[in-house]
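Note that full-length UniProt numbering numbers the sequence shown so that position 18 is 18, with each residue one more than the last.
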Amino acid sequence: VSQAMSKEYVKVLKTATLEDTVKLIVENRQSCALVVDSDDLLEGILTLGDVQRGISKASDGSRGDATVLA
């Protein structure tokens, strides 16, 4: 538990692109990123699993906005 509490997580603004966010997650060897607003308040968490599910849905013909996180 203490390791999880002290871990530095990637943090991105909610206006960041999905591409930039995934790049940061991978470069920092993380599995997720904290998504924050302009006041640095947590808006959500984006995981690589979320990205994989989004890609899977897109290949099924579903459509979503992949440009920004918000």
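For glycine and all other residues, C-beta sits at the position ideal for the given N, C-alpha and C. Treat the numbers as computed from the prediction; the structure is a model and nothing was measured.
(message) Give the list of continuous beta strand (DSSP E) stretches no shorter than 3 residues that lie fully inside the UniProt domain "CBS" (5 to 61).
(response) When DSSP assignments are scanned along the UniProt domain "CBS" (5 to 61), the uninterrupted stretches of beta strand (DSSP E) that are 3 or more residues long and fall wholly within it turn out to be 10 to 13, 32 to 36, 42 to 47.
(request) Compute the beta-carbon to beta-carbon distance between Leu-48 and Ile-25, rounded to the nearest angstrom, for a pair I have assumed lies under 8 Å. (result) 6 Å between Cβ atoms; contact.
(request) Kindly indicate which residue of Thr-15, Gly-61, Lys-11 has the alpha-carbon position closest to the one of Ala-33. (result) Of the candidates Thr-15, Gly-61, Lys-11, Lys-11 places its Cα closest to the Cα of Ala-33.
(message) I'd like to know whether the C-beta of Arg-29 is nearer than 9 Å to at least one C-beta of chain C.
(response) Judged by its chain identifiers, the structure shown contains no chain C, having just a single protein chain.
(request) Give every residue of the same chain whose Cβ lies closer than 6 Å to the Cβ of Lys-7, excluding the five residues on either side of it in the sequence, and list them in chain order. (result) Contacts found: none.
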